[in-house]
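Reading through the structure tokens given below for one structure.
Chains as they are written, first to last, in our numbering: chain B, 31 to 421; chain W, 31 to 421.
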């Protein structure tokens, strides 16, 4: 980005121009938490809570992903849906399967969209059999780190231990070292569900809290870190998130669908904690980022009703979270300020007409509350227009 | 409706057949609370609370509705959008303007959709100038009652005092008598916002509570009654709603958008109170009834998180609320049981495929969480297919 100008500056005279007329141009959406391997479950099974839901729905479908043909079909649909919904950047968790993860990298690299992609790691299970051995997880992580170590473009590798109860201390330590050695970002889950938090206390009585376990193993802010959910954090954990510069992936639809809770969004923003939005497919049911923004606003209003000192977030703030908030994970992304990468969506709000003269902001607000993929007519990632991916 | 059969019974052999193949057929949606006159504000101004929002947004646009040309454009869009979203029945509040209300009746009668339509009545204002004189309100109500007294088909007249603070005792009494004389249903607002409830206490110190004021004037269950919101009810008020057989119009999006609160849905269902869903356009931002169902489920889960004894509603219950729950306002509507009117939607969920064999219920669930108007490919009202209204 050079800037936003009323007239083309003389330095750029003669440059090719695309005139989008009265359409609206906004930064691309950034979805900083989603599970590629769970795509088929979108919209299914939300009468359960988290742990039940994982057992009944999430686990089975992730197993099917071991078949490359099935994974290919799902990933093609996922990437096409991300494109459709104007999600130019995403943080994507893969599966436990080596080939399937490799496929996910290859497909994103063809797509023109940007993603940080991580292998799911789960080598312990408090309730049953772990998904993989520690040795297997180490080998796969190393292979991915080596294969994609020079990949510094739109698609990059991220380390993604599932969550503390699903990872042995040995693998967490290994991942912490890998992050340093290969200069890799890290993402995981934190304080999503009360039962999960209790489990962490049982497994790690030595740690003062859940976040401190990650910190201990080099997985909280030593490198760029994204933690999903962060609902049931203690005061100390919130301070850790702030002091370690962690990005919180706020996933309001998921948190409501699985009755996990409502994240203290205003508190985090007031503390200066970095926050972006996540669809959390498929505990979340939609890649429509406007719907996720609305859920974030509504959840925040609900918290205000219970605690009037916790002021609710505005529609403007929600738009910030969906763009620059999460975009900052990827560098200078999510804004039209000078020096930022040009990730943009062109919005045709023609069908949202209301027979009334509207300000630019009212049109944006109306698009957030009422728009869908039909209103997004062009997508740009890092300066280039991206056509619908053919995978 | 005669029934749902695996094979065509011999009594109906030779009857014309429409084969919808693998598509899903569900009862039509019933939206039992929306403001036609506020259509242009959908999706605008939700950084305000109720009273501010009315002053800044709702009031102005309702004034514009005095111009017939403007009202015609808005109502044509509203009816088209109701059709698009599969809302076969609705309870529609009009404006304070005689001609505009008459236009609304005429347009609905042409549309093939079913609606109960009411003139907004507001002859007192605690904060400013009332919208109309008591005399004017009486004349308009009488005119509508006379004009549409023989209209017993799909479009009918409903009496709709705005809310207690907006109506003088004189007009409430008048409306109560009119309901008896012309055998008319009644709809209004109850306990939406805490400030509103306080205002009712100030204006009616003689009444034990808000609901009792309506009851006193013949506006709570003496005839079929729909009360919107019912968030901040007392135990006595909830009992009144139950004992008087009142329908509660639950409007979850509106209640969240304007920070009004989250209605105790489970409590009402457990008590045996009748509940349906309302979009509450334009404090609600969408006529997508699936989105309203999801908001009802999510709000209910939120209440469960705070009070684990208040079990959250299931997706099945939400579908009931959107169909038979609200449909019962209109008689035998909202179900495929014998004797019911055939209001139906044909759902093509082809674009929601997930590479997995799904049960019928999982497909319905997925449609509720992920579908939109594109999935609705045919609409039937009382036995007839309804084409897109040309108004």
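Every residue gets a Cβ at the ideal spot worked out from N, C-alpha and C, and that includes glycine. Since this is a predicted model, take the numbers as computed values, not measurements.
Margin query: Nearest by alpha-carbon distance to residue 195 of chain B: which of B:166, B:231, B:83 is it?
Written below: B:231
Margin query: Let me see if you follow: with CB-CB separation under 8 Å, is residue 342 of chain W close to chain B or not?
Written below: yes
Next item on the list: Enumerate in chain order the residues of its own chain whose CB-to-CB distance from residue 237 of chain B is below 7 Å, with the five nearest sequence positions on each side excluded.
Entry: 243, 246
Check: List, in order along the chain, the chain A residues whose C-beta lies closer than 7 Å to that of residue 286 of chain W?
Finding: Of the protein chains in this structure, namely B and W, none is chain A.
Item checked: Where the alpha helix (DSSP H) containing residue 377 of chain B begins and where it ends -> Premise fails: residue 377 of chain B lies in the beta strand (DSSP E), 374-377, not in any alpha helix (DSSP H).
Margin query: Under 9 Å, CB to CB, which of the residues in the region 46-59 of chain W have a partner in chain B?
Written below: none
Checklist line | residue 104 of chain B: contacting residues in chain W (beta-carbon distance under 9 Å) | finding: 384, 385
Notebook entry, point to check: Pairing CB atoms from the region 295-311 of chain B with CB atoms from the region 57-68 of chain B, are three or more of them under 8 Å?
Noted result: yes
Item checked: Contact under 8 Å by Cβ, residue 92 of chain W with residue 75 of chain W -> no
Next item on the list: Please list, in chain order, all residues of the same chain as residue 102 of chain B whose beta carbon is under 6 Å from its beta carbon, the five residues on each side excluded.
Entry: none
Note to self: Checking 8 Å against the spacing of the C-beta atoms, do residue 215 of chain B and residue 146 of chain B come in under that value?
What the structure shows: yes
Note to self: If the criterion is Cβ atoms closer than 8 Å, does the pair residue 302 of chain B and residue 283 of chain B meet it?
What the structure shows: no
Notebook entry, point to check: Does the beta carbon of residue 296 of chain B come closer than 8 Å to any beta carbon on chain W?
Noted result: no
Check: Tell me, which residues are paired with residue 257 of chain B by DSSP?
Finding: B:218, B:278
Item checked: Own chain residues within Cβ distance below 6 Å of residue 274 of chain B, not counting five before or after -> 250, 251
Notebook entry, point to check: At a CB-CB cut-off below 7 Å, which residues of chain W make contact with residue 396 of chain B?
Noted result: 73, 74
Check: Just curious, the beta strand (DSSP E) that residue 78 of chain B is in, first and last residue?
Finding: No beta strand (DSSP E) contains residue 78 of chain B, which DSSP labels as neither H nor E.
Margin query: Please state whether the Cβ-Cβ distance between residue 136 of chain B and residue 98 of chain B is less than 8 Å.
Written below: no
Next item on the list: Kindly indicate which residue of B:53, B:260, B:44 has the alpha-carbon position closest to the one of residue 405 of chain B.
Entry: B:53
Notebook entry, point to check: How would you call residue 70 of chain W, buried or exposed, if buried means at least 16 neighbouring beta carbons within 10 angstroms?
Noted result: buried
Item checked: Bridge partners - residue 415 of chain W, DSSP secondary structure assignment -> W:410
Notebook entry, point to check: Since residue 402 of chain B meets chain W, which of its residues come closer than 8 Å, beta carbon to beta carbon?
Noted result: 402
Check: Should the region 312-332 of chain B be regarded as contacting the region 345-361 of chain W, the criterion being three or more beta carbon pairs within less than 8 Å?
Finding: no
Margin query: Does any residue of chain W have a CB that is nearer than 8 Å to the CB of residue 77 of chain B?
Written below: yes
Notebook entry, point to check: Between residue 368 of chain B and the rest of its own chain, which residues show a CB-CB distance below 8 Å, the 5 nearest in sequence each way excluded?
Noted result: 31, 32, 33
Checklist line | Candidates W:416, W:400, W:192: closest to residue 407 of chain W by CA position | finding: W:416
Notebook entry, point to check: DSSP puts residue 186 of chain W in a beta bridge; with which residues?
Noted result: W:146
Check: Since residue 290 of chain W and residue 222 of chain W are thought to touch, with beta carbons under 8 Å apart, how far apart are those beta carbons, to the nearest angstrom?
Finding: 5 Å
Item checked: Contacts around residue 139 of chain W, its chain only, beta-carbon distance under 7 Å, and the 5 residues preceding and following it disregarded -> 185
Note to self: Short of 7 Å Cβ to Cβ, which residues in the region 362-375 of chain W face chain B?
What the structure shows: none
Notebook entry, point to check: Which class does residue 288 of chain B belong to by DSSP, given the choice of helix, strand or coil?
Noted result: coil
Notebook entry, point to check: So the alpha helix (DSSP H) residue 199 of chain B belongs to, where does it begin and stop?
Noted result: 199-212
Notebook entry, point to check: What residues from the region 290-319 of chain W come within 7 Å of chain B, judged by C-beta to C-beta, listed N to C?
Noted result: 291, 292, 315, 316
Item checked: chain B contact for residue 202 of chain W (CB, 8 Å cutoff) -> no
Check: What residue does the beta strand (DSSP E) around residue 344 of chain W start on, and which one ends it?
Finding: It is not in any beta strand (DSSP E) - residue 344 of chain W carries neither H nor E in the DSSP assignment.
Item checked: Collapsed DSSP secondary structure at residue 357 of chain B in the structure displayed -> helix
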